[in-house]
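Heads up: the structure comes next, in structure tokens.
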Amino acid sequence: MTHQDSVLLSAYQGAVHDYAEPLSTFAARMLGDDGDWSEDVAQDALLALYRHLHQVPEVAWRPWLYRVARNLCLDRLRRRKHKPRNFRDLADDDDRDPTPPDRPSASPDVRAQENEMSVDLQRAIRELPNKFREVFLLCESQGVSYEEAATILDIPLKTVSTRLFRARQKLLRTLRVHLDSR
Amino acid sequence: MSSQSTLSCRQAASLVSEAVDQRLGQREAQAFRTHLLVCRTCRKAFDSCRELQTMTRALPVHEVSTDFQANLFERISAGEGARPEILRGPVALSHRIKLFASGAVTAAALLLSLGLIIDEFNKGQPVTKNPASTRSASNSGLGGLERVSLPIPRPIDPVSFGRNSVENCVHQVVELQEAAPRYRRMQPNQAFRALQSKSQQTLLSVQVVNMLDGRVVVLPTKLRTGLVSIEKNLERVVRSARGRSYSRRDIERMVTLIEAARMDRRGAEGVQIRNLRVLDLTSHLPPQLQRQPNLLRELSDMFRLIAGPTASWAPAGENLLQRHTRLGERVLLIGATAEGGWELRIPNEVRTKKPGHSK
Numbered sequence: 004m005t006h007q008d009s010v011l012l013s014a015y016q017g018a019v020h021d022y023a024e025p026l027s028t029f030a031a032r033m034l035g036d037d038g039d040w041s042e043d044v045a046q047d048a049l050l051a052l053y054r055h056l057h058q059v060p061e062v063a064w065r066p067w068l069y070r071v072a073r074n075l076c077l078d079r080l081r082r083r084k085h086k087p088r089n090f091r092d093l094a095d096d097d098d099r100d101p102t103p104p105d106r107p108s109a110s111p112d113v114r115a116q117e118n119e120m121s122v123d124l125q126r127a128i129r130e131l132p133n134k135f136r137e138v139f140l141l142c143e144s145q146g147v148s149y150e151e152a153a154t155i156l157d158i159p160l161k162t163v164s165t166r167l168f169r170a171r172q173k174l175l176r177t178l179r180v181h182l183d184s185r
Numbered sequence: 402m403s404s405q406s407t408l409s410c411r412q413a414a415s416l417v418s419e420a421v422d423q424r425l426g427q428r429e430a431q432a433f434r435t436h437l438l439v440c441r442t443c444r445k446a447f448d449s450c451r452e453l454q455t456m457t458r459a460l461p462v463h464e465v466s467t468d469f470q471a472n473l474f475e476r477i478s479a480g481e482g483a484r485p486e487i488l489r490g491p492v493a494l495s496h497r498i499k500l501f502a503s504g505a506v507t508a509a510a511l512l513l514s515l516g517l518i519i520d521e522f523n524k525g526q527p528v529t530k531n532p533a534s535t536r537s538a539s540n541s542g543l544g545g546l547e548r549v550s551l552p553i554p555r556p557i558d559p560v561s562f563g564r565n566s567v568e569n570c571v572h573q574v575v576e577l578q579e580a581a582p583r584y585r586r587m588q589p590n591q592a593f594r595a596l597q598s599k600s601q602q603t604l605l606s607v608q609v610v611n612m613l614d615g616r617v618v619v620l621p622t623k624l625r626t627g628l629v630s631i632e633k634n635l636e637r638v639v640r641s642a643r644g645r646s647y648s649r650r651d652i653e654r655m656v657t658l659i660e661a662a663r664m665d666r667r668g669a670e671g672v673q674i675r676n677l678r679v680l681d682l683t684s685h686l687p688p689q690l691q692r693q694p695n696l697l698r699e700l701s702d703m704f705r706l707i708a709g710p711t712a713s714w715a716p717a718g719e720n721l722l723q724r725h726t727r728l729g730e731r732v733l734l735i736g737a738t739a740e741g742g743w744e745l746r747i748p749n750e751v752r753t754k755k756p757g758h759s760k
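Chains A and B, in that order, give the protein sequences. Positions 4 to 185 (the working numbering) are the ones given, in order, by the first sequence. Positions 402 to 760 (the working numbering) are the ones given, in order, by the second sequence.
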């Protein structure tokens, strides 16, 4: 192995450490109730990067990984569409949703309200159409810039902005009850 | 809403999302802030949007299992992701130009196909399939992981591709012009068939070079003007089939057209290779490639494997800009980046004016 390869591999190990959780989170929210697969998606994306270490410039790793993860998620969603539903699919969504850790300082009422809101928000995100969900998750949840999202999704910058705007509008409509009660 | 506000509520509502992300320009942001001061409804919408942002960012992270890394490196060491020939071998030329992973495959396949077509037309044989892309297309039924592990076809160096295309084209034009007087002495029908076929091959090479000019290569002015007039004349020659039999006058007209266009043969030496941003191959696909349904299907399958299941490839005609009104259809663009690499772009919409709309 050359010096260049060893440098590349050590950078790759760093990327595995840095991107495993963000990719898994992105995949979990993209897949919605199929979130069990999110870790597999993150692992497959990182494995794909390993195969293409010499072809993908290091600066392009992040968008590349998100792009692969997104494609894997869309594949899975598409397959699931044609797959007969089984018992796991029929399970109550709330059972598998990770709930945020409680803040010790918040009162029980506030905590209950926040938990409920968080669950509703996750459900609302899951119900967004794919094209809105992916933009929303990338920009809002993963902190990806508009420019990077445009590269990942291969859409114009203006489309990123429009889709994000629409995604927010849809979510706000769904969550109006919670927001109005604040 | 106060009449002093420079934005209407409708305008302000459309800016809320970008305002939350602090992406408004200075003037827009100022106008937006002024509007919020006087409009309670918009202020509430802005606060809600900001609240949504806070809530989303506070959502729990999906933690990976403790053995995530161990599993991944186990898969790698089990050979699932290993590419020992690349990792252990010297860095290939293709890697030095930093090909973008997915775009490189498609770009190489398209360029290879164009090159194949030129070669095959020169030999006068039908186009053969690229075995690498056949293998790739056969993976289409597999999972997403296979999509990114496609065997990469022989990468093409844009520099040598550009240079070879120009040299090949100049050689063909010179050969055709030198052979043209001989057709005067042949039987008209026989001469016509030979002229048609030879002109068609040469025209294809000239069209490819003219397409590459300004995108991949920069031709010297004399060579460029020569090739443009040759393309026009050869198009007239190729279009000149009118009946079943041809007179000597028809042949004379064709030969004159071929001889009329002047080209500076030495110009090929002054060809420069450009470092261009975008090369749109699809909208300039030669008609011969468009008439190869198998090859197109193969490229199309390959493209979908790379670009994702939702992407679709519309093989557009030469006159895409004139007649393309199907907005929203995706079009494949292959771009050569400023850094010398290749990338794939799939714009979501093609915005073109409908014919007749221009004033």
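Backbone N, C-alpha and C fix where the C-beta goes; we use that ideal spot for every residue, glycine too. Computed from a predicted structure; not experimentally measured.
Only counting the same chain, and skipping five residues up and downstream in sequence, which positions put a Cβ closer than 6 Å to that of residue i?
i	result
A:Y22	L68
A:L174	A127
A:C142	A152 and L167
A:G35	R129
B:F593	Y647
Run through chain B and tell me which residues come within less than 7 Å of residue i, C-beta to C-beta.
i	result
A:V10	Correct list: empty, because the minimum Cβ distance to chain B is about 12 Å.
A:A31	H463
A:A45	V465
Report yes if the C-beta distance between residue i and residue j is below 7 Å; otherwise report no.
i	j	result
A:S27	B:H463	yes
B:R666	B:V575	yes
A:V147	A:R166	no
B:T603	B:L620	no
B:L453	B:H436	no
B:A357	B:E568	Here chain B has residues from 402 to 760 only, and residue 357 of chain B is not among them.
A:S41	A:A51	no
B:L473	A:Q46	yes
A:S144	B:T457	yes
Using a C-beta cutoff of 7 Å, does residue i count as contacting chain B?
i	result
A:Y15	no
A:A152	no
A:R171	yes
A:V180	no
A:E42	yes
A:F168	yes
A:L49	yes
A:V19	yes
Determine the chain A residues that contact residue i at a beta-carbon separation under 9 Å, and present them in chain order.
i	result
B:V462	E24, P25, S27, T28 and P101
What does a CB cutoff of less than 8 Å around residue i pick up in its chain, not counting 5 residues either side in sequence?
i	result
B:V629	N611
B:R451	V421
B:E636	L604
A:L178	M120, D123, L124 and A127
A:L140	F29, R32, M33 and I128
B:R663	G627 and S630
A:S164	Y149
B:V672	G563, R564, V567, V618, V619, L620, P621 and L624
B:F447	V417, A420, V421 and L437
Excluding sequence positions up to five away, which residues of its chain have a Cβ less than 7 Å from the Cβ of residue i?
i	result
B:M655	L596, V638 and S641
B:C410	M402, C440, T442 and C443
A:K134	R166
A:P159	A153
B:D614	L620 and R625
Pull the bridge partners of residue i from the DSSP assignment, please.
i	result
B:V619	B:Q673
A:D157	BP columns for A:D157 are empty, so no partner.
B:D614	B:V618
Name, please, each residue of chain B whose Cβ falls closer than 8 Å to the Cβ of residue i.
i	result
A:Y149	D422 and R424
Since residue i meets chain A, which of its residues come closer than 8 Å, beta carbon to beta carbon?
i	result
B:C450	R171 and L175
B:I477	L50 and Y53
Hey, does residue i have any beta-carbon neighbour from chain A nearer than 7 Å?
i	result
B:S418	yes
B:F469	yes
B:L473	yes
B:A413	no
List the residues of chain A whose Cβ lies closer than 7 Å to the Cβ of residue i, in chain order.
i	result
B:Q454	E143
Identify the contact partners of residue i in chain B, using a Cβ-Cβ distance below 9 Å as the criterion.
i	result
A:L124	L453, M456, T457 and L460
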